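**Student:**
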Amino acid sequence: MKILKTIEELQDVRKNITSNVGFVPTMGALHDGHIALIKKARTENDIVIVSIFVNPTQFLPGEDLAAYPRRDEADKKICEMCKVDYLFMPEISTIYSKEEILLKAPNKSYILEGKARPGHFDGVLQVVLKLFGLTQPTNAYFGKKDAQQLALIAQMVKDFFLPINIVACDIVREFDGLALSSRNVYLNPTQRKDSLLISKSLYSAATLIAKDEKNINVIKERIYKVMETLDVEYVAIVYREFNELKEIEIGNTIILVVARFNNTRLLDNIWL
Ligand code: AMP
9 MKILKTIEEL
19 QDVRKNITSN
29 VGFVPTMGAL
39 HDGHIALIKK
49 ARTENDIVIV
59 SIFVNPTQFL
69 PGEDLAAYPR
79 RDEADKKICE
89 MCKVDYLFMP
99 EISTIYSKEE
109 ILLKAPNKSY
119 ILEGKARPGH
129 FDGVLQVVLK
139 LFGLTQPTNA
149 YFGKKDAQQL
159 ALIAQMVKDF
169 FLPINIVACD
179 IVREFDGLAL
189 SSRNVYLNPT
199 QRKDSLLISK
209 SLYSAATLIA
219 KDEKNINVIK
229 ERIYKVMETL
239 DVEYVAIVYR
249 EFNELKEIEI
259 GNTIILVVAR
269 FNNTRLLDNI
279 WL
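Positions 9 to 280 (the working numbering) are the ones given, in order, by the sequence shown.
The structure is reproduced here in structure tokens:
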């Protein structure tokens, strides 16, 4: 595995690749969720590029960018083990210049995650477009866990006619159901135990729907009931493109929940 730090190094490598490229963008502190994306990329492409870049423009003022977990050495070992070909680890000044053209995410990026974090998705799209330009992937891998991010990136690829196939990867969970996240390390033992109610509420909703319950309010009520002891930020049911839902459509509907544990927001969702 080769570690690349500069634009020149990456562009030099990229111009000599003529086969399929699979790309997995991450912010590091790699866990089994990231590893699943990398492994999928490995089986589906000749060359695999992973990036680790804690992107400052997707953090809002007051969100603690400096405290985001960083584990560069462990991450390098994981990438090596997963047989990654190139690991791109740029500095902030390598990616951003002082005054640059900014992307503006559409209105649907200001609901749900975008409402809690206004402007967050502008930063996500900005960095992903840059990374796409640099790596020019055939296939790019994203987790369904960040469903709104995935929908917006798929839309960006469509809107800008980028010749990139976006691959949506299933959520990887702990043995007891908690969706893996770099933020799980912030939970104390009690919060860790309570956090199980999040996935439990989603499974409970799925069971209800499997029994043919289609009433959105009834389904939401069930989810809130299961999580009644938690600080729930939102429960939402949307179409995959994050348009307003009229009725549940199996195959095109996502149920999303966010619960707060002090400053830690935990996201989860289920794709019906
Ligand atoms: P991050 O490093 O948090 O920006 O995540 C990098 C990629 O890994 C994103 O596409 C995430 O959606 C994906 N990801 C994070 N956690 C999981 C998980 N538990 N299961 C599947 N994919 C995940």
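Think of the CB as a built atom: it goes at the ideal place given N, C-alpha and C, for glycine as much as any other residue.
This structure is a prediction, so every number in the text was calculated from the model and none was measured.
Please determine whether the Cβ atom of residue 177 lies at a distance below 7 Å from any heavy atom of the ligand AMP.
**Tutor:** Because some heavy atom of the ligand AMP lies under 7 Å away, the Cβ of residue 177 counts as near it: yes.
**Student:** Using CA atoms only, rank isn't needed, just tell me which of 236, 271, 221 and 277 is closest to residue 244.
**Tutor:** 277
**Student:** Please classify residue 123 as buried or exposed, where buried requires at least 16 neighbouring CB atoms within 10 angstroms.
**Tutor:** exposed
**Student:** How about the region 71 to 78 and the region 103 to 115: do they share at least three Cβ pairs that are nearer than 8 Å?
**Tutor:** No, because fewer than three Cβ pairs between the region 71 to 78 and the region 103 to 115 fall closer than 8 Å, the two stretches do not touch.
**Student:** Could you give the C-beta distance for residue 60 and residue 36, rounded to a whole number, given that I count them as a contact under 8 Å?
**Tutor:** 4 Å
**Student:** Roughly how many angstroms lie between the CA atoms of residue 53 and residue 24, to the nearest whole one?
**Tutor:** Pairing residue 53 with residue 24, the inter-Cα distance amounts to about 16 Å.
**Student:** Mind checking which residues open and close the beta strand (DSSP E) that includes residue 179?
**Tutor:** Run containing residue 179: none; DSSP gives neither H nor E here.
**Student:** Here's the rule: buried if 16 or more other CB atoms are within 10 angstroms of the residue's CB, otherwise exposed. What is residue 96?
**Tutor:** buried
**Student:** Check whether the Cβ atoms of residue 275 and residue 258 sit closer than 8 Å, and answer yes or no.
**Tutor:** The answer is no: Cβ separation not under 8 Å.
**Student:** Below 8 Å between beta carbons: does that hold for residue 32 and residue 58?
**Tutor:** Taking the C-beta atoms as reference points, residue 58 is found nearer than 8 Å to residue 32.
**Student:** Looking only at its own chain, which residues have a Cβ that is under 6 Å from the Cβ of residue 38, when we skip the five neighbours before and after it?
**Tutor:** 83 and 86
**Student:** Using only CA atoms, which one of 270, 187 and 129 lies nearest to residue 160?
**Tutor:** 129
**Student:** Could you compute how far the alpha carbon of residue 77 sits from the alpha carbon of residue 34?
**Tutor:** Put simply, the backbone Cα of residue 77 is about 12 Å away from that of residue 34.
**Student:** Who are the near neighbours of residue 19 in its chain, counting only those whose CB is closer than 8 Å to its CB and skipping five residues on each side?
**Tutor:** 142
**Student:** Using C-beta distances below 6 Å, list every residue in its chain close to residue 7, excluding the 5 sequence neighbours before and after it, in chain order.
**Tutor:** Examination of residue 7 is not possible in this model, given that the chain is present from 9 through 280 alone.
**Student:** Going along the chain, which residues of its own chain have a beta-carbon closer than 7 Å to the beta-carbon of residue 92, five neighbours each way excluded?
**Tutor:** 9, 46, 56 and 58
**Student:** With 16 as the cutoff for other CB atoms within 10 Å, does residue 209 come out buried or exposed?
**Tutor:** buried
**Student:** Is it a yes or a no for the region 136 to 152 touching the region 174 to 182, going by three-plus beta-carbon pairs under 8 Å?
**Tutor:** yes
**Student:** Helix, strand or coil for residue 275 per DSSP?
**Tutor:** Three-state DSSP puts residue 275 in a strand.
**Student:** Assign residue 235 to one of two classes, buried (16 or more other C-beta atoms within 10 Å of its C-beta) or exposed (fewer than that).
**Tutor:** Looking at its Cβ environment, which holds 16 or more other Cβ atoms inside 10 Å, residue 235 is buried.
**Student:** Is the beta carbon of residue 84 within less than 7 Å of some heavy atom of the ligand AMP?
**Tutor:** no
**Student:** Excluding sequence positions up to five away, which residues of its chain have a Cβ less than 6 Å from the Cβ of residue 65?
**Tutor:** 131 and 134
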